[in-house]
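Q: In terms of our numbering, the sequence shown has 282 at position 282, counting the first letter as 1, and numbering is strictly consecutive.
Ideal Cβ placement from N, Cα and C applies to all residues, glycine included.
Please read these numbers as outputs of a predicted model, since none were measured by experiment.
What follows is a structure written as structure tokens; I'll ask about it next.
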Amino acid sequence: MGTPATWVREGLCLLPDGAEHAARRTTIEIRDGRIAGLHEPDAAPAAAPGDRVIDGRRHLVASGFVNCHTHSPDNLIRGSAPDLPLELWSLHSAAGREERSPREITVAALLGAIEMLRTGTTTVLDHIRMSPHPTPEGLEAVAQAYAAIGIRAVIAPIVADKPIVQTLPLDPDDIPPNGGGSYGRAPLMPWTEQLAIVEAFVRRWHGGEGGRITAAIGPSGPQRCSDPLLAAAAELSERHDIVLHAHVLETRAQRAMGFRLWGKGMVRSLAERGILSPRANLVHFIWLEDGDLDLVARHGAAVVHNPVSNARLGSGICRLPEMLARGLRIGLGTDSACCNDSNNLLETAKWASMVHANTTPDHADWVGPYRAHALATRGGADVLGLGSVTGRIEAGLAADLVLYRLDAPAFVPLIDPVRQLVHAENGASVDTVLVAGEVVLENGRCTRLDEVALWQEAEDLARRRLEANRSIYAAASELSGPVQRMIRRLQGEDAR
Ligand SMILES: [Zn+2]
Numbered sequence: 001m002g003t004p005a006t007w008v009r010e011g012l013c014l015l016p017d018g019a020e021h022a023a024r025r026t027t028i029e030i031r032d033g034r035i036a037g038l039h040e041p042d043a044a045p046a047a048a049p050g051d052r053v054i055d056g057r058r059h060l061v062a063s064g065f066v067n068c069h070t071h072s073p074d075n076l077i078r079g080s081a082p083d084l085p086l087e088l089w090s091l092h093s094a095a096g097r098e099e100r101s102p103r104e105i106t107v108a109a110l111l112g113a114i115e116m117l118r119t120g121t122t123t124v125l126d127h128i129r130m131s132p133h134p135t136p137e138g139l140e141a142v143a144q145a146y147a148a149i150g151i152r153a154v155i156a157p158i159v160a161d162k163p164i165v166q167t168l169p170l171d172p173d174d175i176p177p178n179g180g181g182s183y184g185r186a187p188l189m190p191w192t193e194q195l196a197i198v199e200a201f202v203r204r205w206h207g208g209e210g211g212r213i214t215a216a217i218g219p220s221g222p223q224r225c226s227d228p229l230l231a232a233a234a235e236l237s238e239r240h241d242i243v244l245h246a247h248v249l250e251t252r253a254q255r256a257m258g259f260r261l262w263g264k265g266m267v268r269s270l271a272e273r274g275i276l277s278p279r280a281n282l283v284h285f286i287w288l289e290d291g292d293l294d295l296v297a298r299h300g301a302a303v304v305h306n307p308v309s310n311a312r313l314g315s316g317i318c319r320l321p322e323m324l325a326r327g328l329r330i331g332l333g334t335d336s337a338c339c340n341d342s343n344n345l346l347e348t349a350k351w352a353s354m355v356h357a358n359t360t361p362d363h364a365d366w367v368g369p370y371r372a373h374a375l376a377t378r379g380g381a382d383v384l385g386l387g388s389v390t391g392r393i394e395a396g397l398a399a400d401l402v403l404y405r406l407d408a409p410a411f412v413p414l415i416d417p418v419r420q421l422v423h424a425e426n427g428a429s430v431d432t433v434l435v436a437g438e439v440v441l442e443n444g445r446c447t448r449l450d451e452v453a454l455w456q457e458a459e460d461l462a463r464r465r466l467e468a469n470r471s472i473y474a475a476a477s478e479l480s481g482p483v484q485r486m487i488r489r490l491q492g493e494d495a496r
């Protein structure tokens with residue numbers, strides 16, 4: 001019968017049950033990276049000689065989480081960013097991202113991938129930020145990192161052709177000469193060249209590693225992109241049928257900036273320019289206008305919800321219950337290790353389950369652990385264009401599976417597996433992880449690389465980078481006063 005199979009025997013599996021999931025003892029048969037069959041324990045076929053058998057009897061077996069939004073370079077400077085609103089936070093964290101070598105980009109991506117595999121995430125969208133624009137070597141480094149560790153990854157290179165100082169926008173007299181690091185006045189690479197780099201990357205990597213690596217295009221935010229860049233990015237997304245992933249209306253200042261630039265709401269402007277489509281991901285989407293939910297629903301665009309990051313940066317609370325009621329496509333993201341400060345989607349799912357109860361008077365509309373779990377798995381897969389690939393334990397889909405030890409505090413006594421997974425587990429019980437049927441984490445450790453050696457290297461690289469960028473941090477901090485004044489002005493315009 002061809003290649004050997006892998007069997008996960010008699011695990012307590014979270015299987016699709018309507019739009020959510022329910023637990024049932026099941027034996028999973030895996031062939032060629034996919035789930036080939038789901039069997040009642042008593043009726044499961046015997047393994048053939050040479051097959052791999054994983055005993056799941058003491059495990060909860062769930063589809064791996066889909067983290068729809070992070071920025072891997074920040075993994076190398078985790079813990080460095082002060083608690084500030086987005087625009088001031090960006091000043092600081094951007095300074096730490098400058099002048100990265102390909103090896104630093106690789107190590108940063110691996111740090112996040114290890115953390116995610118250890119906390120039950122098997123698919124990640126990396127909205128990869130390279131300062132000041134994507135480079136072929138940098139994109140190659142990040143793709144090679146994910147290929148090496150074996151996680152499923154969607155790589156969305158950030159493009160932008162307006163310096164941040166223009167899009168806040170600061171008074172030119174307020175910008176110190178040569179100040180501000182990447183916030184300064186230095187012109188950015190023309191958008192045509194940026195998109196050529198991204199398109200070459202798409203051609204090289206989209207569908208690579210047996211489909212584990214896909215590519216996307218990641219305009220930073222509409223206000224940071226010229227109209228021709230955004231139109232060309234949407235066209236590239238359509239031509240290659242890839243996701244277009246952008247921060248949209250994360251802060252109140254951004255909403256005011258949209259009105260300054262286009263004389264109308266940002267989402268209305270995007271809809272009129274043909275940018276909203278089923279391939280579009282609106283990340284954060286907090287400061288929306290009346291009518292925006294209709295536009296998003298009509299165009300089939302998707303939303304990525306990042307509740308921990310939103311709280312860390314004081315951005316606000318996304319109107320998730322309304323979006324769920326409208327049937328919008330929604331996934332969850334951690335956002336970066338500088339604004340969370342983790343890549344643990346279990347924690348984000350718990351926040352998504354609970355935080356909206358504070359703003360939603362009718363408890364029937366609360367999100368709760370079942371819906372949060374569905375958003376963290378099949379919801380996210382659909383948002384990233386991977387709904388027929390991953391996100392559910394179902395015959396024909398990739399075997400992206402996480403085995404949680406049931407003899408762990410979160411699961412004893414075991415009364416409600418989904419609630420206990422989302423509300424009680426933190427990743428400590430993750431024992432074995434499979435991506436496309438391959439065991440990439442075993443006994444809680446990555447199988448394909450030496451984690452300890454990587455951590456030692458990361459400590460060294462991080463310290464040297466923080467030291468080397470001291471003058472960039474100092475230059476950036478010269479802008480904090482002007483930035484703060486501009487945020488207040490934009491917030492005032494928005495409140496008018
Ligand atoms: Zn982000």
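Run the proximity test for Ser-131: is its beta-carbon closer than 7 Å to any non-hydrogen atom belonging to ligand 1?
A: Every heavy atom of ligand 1 is 7 Å or more from the Cβ of Ser-131, so no.
Q: Rounded to whole angstroms, what is the Cα-Cα separation between Pro-187 and Pro-163?
A: For Pro-187 and Pro-163, the distance between alpha carbons rounds to 7 Å.
Q: Ends of the beta strand (DSSP E) at Asp-365?
A: Element bounds for Asp-365: n/a, residue is neither H nor E.
Q: If you follow the alpha helix (DSSP H) that Ser-315 is in, where does it begin and where does it stop?
A: Counting along the chain, Ser-315 falls outside any alpha helix (DSSP H), and DSSP gives it neither H nor E.
Q: Relative to ligand 1, is the shortest distance from any of its heavy atoms to the C-beta of Ser-80 smaller than 7 Å?
A: No, the Cβ of Ser-80 stays beyond 7 Å of every heavy atom of ligand 1.
Q: DSSP three-state call for Asn-306: helix, strand or coil?
A: Coil at Asn-306, not helix or strand.
Q: Rounded to whole angstroms, how far is the Cβ of Ser-277 from the Cβ of Ala-301, which I believe are closer than 8 Å?
A: About 7 Å separates the two Cβ atoms, so the contact holds.
Q: Looking at Leu-479: is its Cβ nearer than 8 Å to the Cβ of Leu-91?
A: The answer is yes: Cβ separation under 8 Å.
Q: On a CA-only basis, which of His-127, Leu-88, Val-107 is nearest Leu-531? Give me that one, please.
A: Nothing in the structure corresponds to residue 531, since the chain is present only between 1 and 496.
Q: Within the present structure, is the beta-carbon of Asp-335 separated from the nearest heavy atom of ligand 1 by less than 7 Å?
A: Asp-335: yes, Cβ under 7 Å from ligand 1.
Q: Ligand 1 heavy atoms versus the CB of Val-283: any closer than 7 Å?
A: Yes, ligand 1 has a heavy atom inside 7 Å of this Cβ.
Q: Would you call the CB atoms of Pro-134 and Arg-100 closer than 8 Å?
A: Contact flag unset, no.
Q: Are the beta-carbon atoms of Val-159 and Ile-175 separated by less than 8 Å?
A: No, these two residues do not count as a Cβ contact at 8 Å.
Q: Distance check for Ile-487 and Glu-87, CA to CA, integer angstroms please.
A: Computed Cα separation, rounded: 8 Å.
Q: Tell me whether His-92, by its Cβ, gets closer than 7 Å to a heavy atom of ligand 1.
A: Flag unset: Cβ of His-92 not near ligand 1.
Q: Can you find a heavy atom of ligand 1 that lies under 7 Å from the Cβ of His-71?
A: Yes, the beta carbon of His-71 sits closer than 7 Å to at least one heavy atom of ligand 1.
Q: Answer with buried or exposed for Ile-330, where buried requires no fewer than 16 other C-beta atoms within 10 angstroms of its C-beta.
A: By the neighbour-count rule (16 or more Cβ atoms within 10 Å), Ile-330 is buried.
Q: Please confirm whether any heavy atom of ligand 1 lies closer than 7 Å to the CB of His-127.
A: Checking every heavy atom of ligand 1 against the Cβ of His-127, one is found closer than 7 Å.
Q: Alpha carbon to alpha carbon, how far is Arg-24 from Val-304?
A: Their backbone Cα atoms lie some 29 Å apart in a straight line.
Q: Do Ile-317 and Val-355 have their C-beta atoms closer together than 8 Å?
A: For Ile-317 and Val-355, yes; Cβs fall inside 8 Å.
Q: Suppose the cutoff is 7 Å on Cβ atoms and the five residues either side in sequence are ignored; what does the same chain contact list for Gly-314 look like?
A: If we look at Gly-314 and ignore the five residues flanking it on each side, its Cβ neighbours are Pro-85.
Q: Verify the contact flag: His-247, CB atom, against every heavy atom of ligand 1, threshold strictly below 7 Å.
A: His-247 Cβ: within cutoff of ligand 1.
Q: Just the Cα atoms here: how many angstroms apart are Pro-321 and Leu-328?
A: Using only the alpha carbons, I get a separation of about 10 Å.
Q: Return the Cβ separation of Val-483 and Leu-168 in integer angstroms, given the expectation that the two are a contact with Cβ distance under 8 Å.
A: Going by Cβ atoms, the distance from Val-483 to Leu-168 rounds to 6 Å, so yes, they are a contact pair.
Q: Give me, in chain order, the residues of the same chain whose beta-carbon lies closer than 8 Å to that of Pro-524; leave out the 5 immediate sequence neighbours on both sides.
A: In the structure as shown, the chain begins at 1 and stops at 496. Residue 524 is therefore absent and cannot be evaluated.
Q: Per the contact definition of three or more C-beta pairs closer than 8 Å, is the stretch 240 to 249 in contact with the stretch 205 to 225?
A: A contact exists between the stretch 205 to 225 and the stretch 240 to 249.
Q: Is Cys-68 near Leu-111, with beta carbons less than 8 Å apart?
A: No, these two residues do not count as a Cβ contact at 8 Å.
Q: Within the same chain, show all residues whose beta-carbon is closer than 8 Å to that of Thr-334, passing over the 5 residues directly before and after it, in chain order.
A: Hits under 8 Å: Asn-67, His-69, Thr-70, Asn-306, Val-308, Ser-309, Asn-340, Ser-342, Asn-343, Asn-344, Leu-345, Glu-347, Thr-348.
Q: Entirely within the stretch 436 to 489 and at least 4 residues each: give me those alpha helix (DSSP H) ranges in chain order.
A: Whole alpha helix (DSSP H) segments, 4+ residues: 451 to 468, 470 to 477.
Q: Would you call the stretch 134 to 145 and the stretch 456 to 474 touching, i.e. three or more CB-CB distances under 8 Å?
A: Verdict: no, contact absent.
Q: Exposed or buried, what is His-59 when buried is set at 16 or more other beta-carbons lying within 10 Å of its beta-carbon?
A: Label assigned to His-59: buried.
Q: Using DSSP with H/G/I as helix, E/B as strand and the rest coil, what is Ile-155?
A: Ile-155 falls in the strand class under three-state DSSP.
Q: Can you check which of these residues, Arg-326, Leu-401, Arg-204, Thr-6, is closest to Leu-117 by C-alpha distance?
A: Measuring from the Cα of Leu-117, the nearest candidate turns out to be Leu-401.
Q: Out of Ser-336, Thr-123, Ser-237, Gly-211, which one is the CA nearest neighbour of Arg-312?
A: When each option's Cα is compared against that of Arg-312, the closest is Ser-336.
Q: Roughly how many angstroms separate the alpha carbons of Arg-273 and Val-422, rounded to a whole number?
A: Distance between the alpha carbons of Arg-273 and Val-422: 39 Å.
Q: Hey, could you find the ends of the alpha helix (DSSP H) Ile-149 is sitting in?
A: Note, Ile-149: alpha helix (DSSP H), 136 to 149.
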